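> Using our numbering, you'd call the opening residue of the sequence shown number 28 and step up by one each time.
Positions of the beta carbon are idealized from the N, C-alpha and C atoms, including for glycine.
Computed from a predicted model, the values in this text were never measured in an experiment.
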Amino acid sequence: MNNRALSWFKHGIPYVAKFSGDRNGYRLKKTITVFSYGDSRMDAIRDVVKEAERHGFSNVTVDHMVRAG
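(1) Residues in its own chain within less than 7 Å of D70 by CB, not counting five upstream and five downstream?
(2) Which residue marks the beginning of the beta strand (DSSP E) containing A44, and which one marks its end?
(3) Does any heavy atom of the ligand PLP sit closer than 8 Å to the C-beta of T88?
(4) Grab me the residues of D49's own chain with a C-beta within less than 8 Å of its C-beta, minus the 5 sequence neighbours each way, in chain order.
(5) Closer than 7 Å by C-beta to I114: which residues in its own chain qualify, once you throw out the five before and the five after it? Chain order, please.
(6) Would you mind giving the Cβ-Cβ distance between V75 and I59, rounded to the nearest angstrom? I have them listed as a contact below 8 Å.
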């Protein structure tokens, strides 16, 4: 198993996503990197939303997402 495959097995598949969400009364756009263990792209989107909510965002919309790796 090569290093990249080992990294994905250990940490999940990396995705970089641009999202917008409400925080402190403002609508903000941010970029975030998320490691997803899910089998589908929808699982990765759910992980992006969960991570954004963990950082205090609400009403999160994923605008763009690519697999990084």
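Judging by the given coordinates:
(1) Walking along the sequence shown from the start, residue 70 turns up at place 43. Cβ within range, chain order: S63.
(2) To locate residue 44, count along the sequence shown from 1; it is residue 17. 40–50 is the extent of the beta strand (DSSP E) around A44.
(3) Ligands displayed in this structure: none; no statement on the ligand PLP is therefore possible.
(4) Here residue 49 refers to the residue found at position 22 when the sequence shown is read from its first residue. Excluding residues within five positions, the ones whose Cβ falls inside 8 Å are L55, F84, S85, N86.
(5) The displayed coordinates of the chain run from 28 to 96. Any statement about residue 114 would go beyond what the structure contains.
(6) Translated into the one-based positions of the sequence shown, residue 75 becomes position 48. Translated into the one-based positions of the sequence shown, residue 59 becomes position 32. Taking the Cβ atoms as the reference, V75 lies roughly 6 Å from I59, within the contact range of under 8 Å.
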